[in-house]
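S.K.: Sequential numbering of the sequence shown, starting at 2, is according to this note's numbering. Just so it is clear, CB atoms sit at the ideal spot from N, CA and C, and this is done for glycine as well. Because the structure is a prediction, the values reported are computed rather than measured. One structure follows; several queries about it will come next.
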Amino acid sequence: MSLDAVAREHRMAFVHLDDYEVERSAVELISYDVARRFQVLPLFRLPDRLALAVCRPQDLRAQDFVARLTGLAIEPVLVDTEPLEQALRRYYLVEGQSGRELARVASEAAERRKAARSPDQGPARQLAGDTASDSAPVARLVERLLTQALHLRASDLHLECARGKARLRYRVDGMLHDFPAPPVEIYPAVVSRIKILADLDIAEKRRPQDGRISIVVEEEPLDLRVSVVPQLDAEGVVIRILRTDVRVRTLEELGFGRETLHRYRKLILRSHGIVLVTGPTGSGKTTTLYATLSHINSPRRKIVTLEDPVEYRLDGICQIPVRADLNFSFPEGLRAVLRHDPDVLMIGEIRDHESAEIAVRASLTGHLLFASLHTNDAPQTVTRLLDIGLEPYQVTTSLLGVLAQRLVRRLCPHCKRAVEITPQQLQALGIKTPGRPTLCFEAVGCKECLGLGYRGRLPIYELLEFSEALRRIPAAELRSETLFEMARQEGFVPMKHCAAAAWLEGQTSLEEIEPLLGVG
């Protein structure tokens, strides 16, 4: 049933929040916690009535609660759920001092741009309006966008424009969230400003461009990786945000269990061999590798890294950026650094047969080598190495172990809500039950977590150690279940058990770990 039909059934109006001007004074009549809990938003106030946006028209309890709280009669107005979520973030969370400044600057830039394009100005002045006339407010607008990213703890900023509408999203704890975007009239000027900061060609709009910005926002130095690509209606921009003064975390701070941490520490103190950290993009592989190198770093060891790009500086470690534009690839770099008498090597990623071959040779000639690889779980890593082109004997003689990991969002400790899970529900998920109801937690949302219900992330992991027994597995069976079953007999704990434990301990929600329960 359409929302229009639902509205008619409940005898209320239906509005599109995106096109609606909400009264700030009305919003302030109820707190964010109330608005979030009942999924409502005050729209405007009349002398004795309050227009209230709702997405669950059958929930009369919410309307009664707001009526008692405000002393006003409620006039419910139906809205769609997603725009309501965005509006709650906008009016209660984003539009603090930073958000109001962002809106003011965007409005000023749009007005100046309109003035620059007025009919009584010549063509040259109108053309200059693309960059010059609104440069000061647009520059401030871009700065506010970056400031907002900093406040949100965002890892990426996404700007897009399609069908005459701009879109702004931030990636927070691995998930993209919509936020109020700059006016579409100044979108080209915003992209041009970002291009100028990244030293890109503002006239080139047909080809992708990559750049870098070093900037200080609110006294915090940031390293921004900028990617601009041409899309159907306008150029799209993605900015990866790296905090340059962030301290590299220790292994103990990453969130691994005590037993896994103990076994991993023993593994990385070996004198030679290959240790792989695997997982999909954005699973924290680089963070784990940096923590690993920091743990084993000492004046008696020379550690060299090959990275694309170098994300953070590590004291006492030689870090070398791979430069595809100069034909300086991972294989080229590996050959070069092996002549620099290293004890430990770290490769950002094993991508091809040539890199894998050189890595194996390095490990067999007395070097300890760390690298990342894209696989779903630890046992699949062996299959991936064979697919790249390594011989079975190269894998079994060089590989010390594989740490496979994912990141899931951590429940906000300020607002998470307890829920009772029955033994039948646990059994359906493949989790061993204690035979009685179990208390778990679900996401709610509050000011502390910006209404998202989560704050930060934690690792879900599995560690596969390549023991002597695993090395003796016949080559033909390395791709089969034999490897997995033998590893389990030697104490290998699949990732799904780690995921279930994180949920049962109240660290994360079922929604976060459910996709992982089938892993392993």
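Checking the sheet assignment: what are the DSSP bridge partners for S373?
M.R.: S373 is bridged to V278.
S.K.: On the premise that V305 lies in contact with H341, defined as a C-beta separation below 8 angstroms, what is that separation, rounded to the nearest angstrom?
M.R.: H341 to V305, Cβ: 6 angstroms. Contact.
S.K.: What whole-angstrom Cβ distance do V217 and V227 have, given they're in contact under 8 angstroms?
M.R.: With a Cβ gap of about 16 angstroms, V217 and V227 do not count as contacting.
S.K.: Should Y92 be labelled buried (16 or more other beta-carbon atoms within 10 Å of its own) or exposed?
M.R.: Buried is the call here.
S.K.: Curious, which full-length alpha helix (DSSP H) runs of at least 4 residues does the region 487-515 contain?
M.R.: Listed in chain order, they are 496-505, 511-514.
S.K.: Tell me the rounded alpha-carbon separation between V192 and L233.
M.R.: V192 and L233: Cα-Cα distance of roughly 15 angstroms.
S.K.: Within the continuous alpha helix (DSSP H) that includes Q232, where are the two ends?
M.R.: Careful: Q232 lies outside any alpha helix (DSSP H) and carries neither H nor E.
S.K.: What separation, rounded to the nearest whole angstrom, lies between the Cα atoms of N328 and I321?
M.R.: Straight-line Cα distance between these residues: approximately 14 angstroms.
S.K.: Tell whether a beta-carbon distance below 7 angstroms holds between P58 and L79.
M.R.: It is a contact, given that the beta carbons lie within the stated cut-off.
S.K.: Tell me, please, which residues DSSP counts as bridged to A405.
M.R.: According to DSSP, which records beta bridges pairwise, A405 is partnered with T279, E463.
S.K.: How about P343 and Q406: do their beta carbons lie closer than 7 angstroms?
M.R.: Going by C-beta atoms, P343 is not nearer than 7 angstroms to Q406.
S.K.: Can you check which of these residues, R244, P475, E236, I203, is closest to E219 by C-alpha distance?
M.R.: Taking only the C-alpha atoms, the option nearest E219 is R244.
S.K.: Where DSSP assigns a beta bridge to L73, which residues make up the other side?
M.R.: Answer by DSSP bridge pairing: none, since L73 is not bridged.
S.K.: Evaluate contact between the region 255-268 and the region 363-379, counting only Cβ atoms and requiring at least three cross-stretch pairs below 8 angstroms.
M.R.: In short, these stretches do not touch, since the Cβ pair count stays below three.
S.K.: Among L479, L370, H354, which has the Cα closest to the Cα of L294?
M.R.: Nearest C-alpha to L294: L370.
S.K.: Flag this pair as touching only if the region 379-394 and the region 412-422 have three or more C-beta atom pairs under 8 angstroms; answer yes or no.
M.R.: The region 379-394 vs the region 412-422: no contact.
S.K.: Mind checking which residues open and close the alpha helix (DSSP H) that includes T384?
M.R.: Element bounds for T384: 379-389.
S.K.: From this set, C56, L51, I187, which residue's C-alpha is nearest E112's C-alpha?
M.R.: Ranking C56, L51, I187 by Cα distance to E112 puts I187 first.
S.K.: Does the region 451-468 come within contact of the region 494-513, defined as at least 3 CB pairs closer than 8 angstroms?
M.R.: Touching, yes.
S.K.: On the criterion of 16 or more Cβ atoms from any shown chain inside 10 Å, does Y11 qualify as buried, or is it exposed?
M.R.: Looking at the sequence provided, one finds His at residue 11 rather than Tyr. So H11 ends up on the exposed side.
S.K.: According to DSSP, simplified to helix, strand and coil, what is P138?
M.R.: In this structure, P138 counts as helix in the three-state DSSP scheme.
S.K.: In three-state DSSP terms, what is G256?
M.R.: Here G256 sits in coil by DSSP.
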